[in-house]
Amino acid sequence: MKLLDIPMRRRAFLASTATAAATALALTACSGSDSSGSGSVLTIFNGATGTITTNFSPFSATALQPTRGLIFEPLFWYNLATGADPEPQLGQTFSWNEDGTQLTITLREGVTWSDGEPFTAADVAFTFNLIEKTPALNTSGLSATAEATDDTTVVLTFPEPSFTQEPDVLGGQGIVPEHLWKDVDDPTTFTNEAPVGTGPFTLDKMSSQSYSLKANPTYWDGEPAVKEVRYISLESADAASASLTAGEVDWMSAYLPSIDTIVGSKKELSYINTPTMTTCLMTASNAELGCTGPQTDPAVRRAMYYAMDRAQLNKLAGGGFAGVASPTLLLAERDSDWIANADNREVPQTADTDKANQILDEAGWTMGSDGVRVKDGERLSMTVITVTGWSDYISLNDTLVQQFAKVGIELKPSQVSWNEWNQAELTGNYQLALDSIGLGSSTNPYFTYNPKLNSANTVPVGESTSAGNVGRYSNADVDAAIRAAAITNDVEAQKQAYATIQDRLVEDIPYIPIYVNSLLTEFNNSRFTGWPSEEDLYALPASWKAWDCGIILRKVKPVE
9 MKLLDIPMRR RAFLASTATA AATALALTAC SGSDSSGSGS VLTIFNGATG
59 TITTNFSPFS ATALQPTRGL IFEPLFWYNL ATGADPEPQL GQTFSWNEDG
109 TQLTITLREG VTWSDGEPFT AADVAFTFNL IEKTPALNTS GLSATAEATD
159 DTTVVLTFPE PSFTQEPDVL GGQGIVPEHL WKDVDDPTTF TNEAPVGTGP
209 FTLDKMSSQS YSLKANPTYW DGEPAVKEVR YISLESADAA SASLTAGEVD
259 WMSAYLPSID TIVGSKKELS YINTPTMTTC LMTASNAELG CTGPQTDPAV
309 RRAMYYAMDR AQLNKLAGGG FAGVASPTLL LAERDSDWIA NADNREVPQT
359 ADTDKANQIL DEAGWTMGSD GVRVKDGERL SMTVITVTGW SDYISLNDTL
409 VQQFAKVGIE LKPSQVSWNE WNQAELTGNY QLALDSIGLG SSTNPYFTYN
459 PKLNSANTVP VGESTSAGNV GRYSNADVDA AIRAAAITND VEAQKQAYAT
509 IQDRLVEDIP YIPIYVNSLL TEFNNSRFTG WPSEEDLYAL PASWKAWDCG
559 IILRKVKPVE
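Residue numbers for the sequence shown follow the numbering used here, beginning at 9 and rising by one.
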């Protein structure tokens, strides 16, 4: 079973498959209550499976999840659940100059690092200058140099108007201490096993199956009421479900098909569903960059789009919890103001096989004697890769096999290890893959479109793209529109640019949206209270969410 509704390569807890024995050890060592009986230990399962590898570098894609939010902090925090204005963290105020080439940030006073050293603007300037001079750390495309003009003011200077880099600067980067990181020989490989941060928690104990953090008594916002946080590794969703019902986990985000039965049987348990990520068939779409297969034909991608019966897919694979996706790749409800054409707000929920067949007929794909279409000697047959054990995605594939067969498309599912799946997407050595469109630095569409669609963020097949455009998509009009949106702070001008992008997306469909995947989060309310709710969605409640985890664990309190 796929434990989380987020692509594994975006998770900060990468690990190999655990054995049952290791899982049993993890559960024994990490029960929900501490041995003293104080009830102050909060146990989290954030989807980690198998051996935990120590990595607390906020620059690393494989850093353990609490690195960002519990140990290191950004300047501001963005609530992607609601799209609210950024909330001050290490920063207090910010302002741009008129042409968008300088961003001035005023910092919070009285903050100290967990080793007692003072936090100053010099640390902020050092962090962003380290990114600027180390391309391998610069996964967001940040182009700025930073200067501390005094202890509480830092100025970032950009070579051109860069308003859209604001969320990456303010909310996407943990600040590191210059007095320790200036001596790091290679920040691209440094795993920071003894982290010093400004966050509400500090590292306490570390093992291969669990680790714990303790409350920071000198934290600038006051010592958290939760005194210890313990992260555990489990083998499967069945193990997660068992741990939840046994009272061994206080907070987790896992897709549990029988969640109403599970939660209904335990009065202390509750859950919330906050769909935010669009599940798609990712396509290796660009023949000019070396992609091969029928999916490089836009007509094939459009036919697949219309051949899907998404209501059936939600029922059979999504448990009925999935939200309605948008062909714009935005969230239809949250981002409705950014969607230019109301006709493009939502994907169709039922299959239109007549339209799919018409598209394929007009594109020259003729029905073969075996029920599979053919064009120029090539069968309309494609392989889709999915991670072994992700049962909801496996169910999607099994259902899509039947749906696509109705229009002469042969779909061949292949289950592979996470490493194989991840490497295939990064290098372009795949035809189709099930994955999700992840959350950006803010709700502005730029942070969906730039990584996934910008030609600058992809490379030829065989080379690794870490910037996000795994579909190898390239369109000059889209590139121009992304740039137009990047250099202006005018919302109406940005909307015009995004309208162009959305028109091309609907035509080209390099990522075929299925639904907005459920994001189920479960809580045990017997020991801790103050979790996010539908009435008070003060943070995205997913236990794996970077930055938000720090907000939540500062607010949650032990039950008195």
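Using N, Cα and C, we set each Cβ at its ideal position, and we do this for glycine too.
- CA-to-CA, the gap between TYR438 and ASP268 works out to about 37 Å.
- When only Cα atoms are considered, GLU568 and ALA254 end up about 21 Å apart.
- At a Cβ-Cβ threshold of 8 Å, GLN110 and LEU150 do not count as neighbours.
- Per DSSP, MET214 is one residue of the beta strand (DSSP E) stretching across 209 to 214.
- Excluding the 5 residues flanking it on each side, THR147 has same chain C-beta neighbours closer than 8 Å at ALA69, SER474, ALA475, in chain order.
- Assignment of beta-bridge partners to VAL524 by DSSP yields THR286, GLY331.
- Counting of Cβ neighbours within 10 angstroms places ASP246 among the exposed residues, the total staying below 16.
- Among the bridge pairs identified by DSSP, PRO421 is matched with VAL392.
- Assignment of beta-bridge partners to ILE113 by DSSP yields PHE102, VAL162.
- For ALA223, the enclosing beta strand (DSSP E) starts and ends at 218 to 223.
- Taking the C-beta atoms as reference points, ASP176 is found no nearer than 8 Å to SER444.
- Secondary structure at VAL308: helix, using DSSP grouped into helix, strand and coil.
- The beta carbon of LEU339 sits closer than 6 Å to none of the beta carbons in its chain outside the five residues before and after it.
- The beta carbon of PHE134 is closer than 6 Å to those of GLU186 in its chain, skipping five residues each way along the sequence.
- Within the same chain, and ignoring the five residues on either side of THR172 in sequence, the residues whose Cβ sits closer than 6 Å to its Cβ are TYR454, ALA494.
- Comparing C-alpha distances from LYS420 to each of TRP426, SER389, ASP400 shows the shortest one belongs to SER389.
- Between PRO94 and LEU561, the C-beta gap is not smaller than 8 Å, which leaves the two residues out of contact.
- In the DSSP annotation of this structure, the continuous segment of the alpha helix (DSSP H) that includes PHE455 starts and ends at 454 to 461.
- In the structure shown, the three-state DSSP call for THR57 is coil.
- Residue pairing from DSSP places MET375 in a beta bridge opposite ARG381.
- Taking all protein chains in view, the Cβ of LYS213 is surrounded by fewer than 16 other Cβ atoms within 10 Å, so the residue is classified as exposed.
- For VAL486, the enclosing alpha helix (DSSP H) stretches over residues 484 to 494.
- Separation of ASP345 and ASP378 (C-alpha to C-alpha, rounded to the nearest whole angstrom) is 46 Å.
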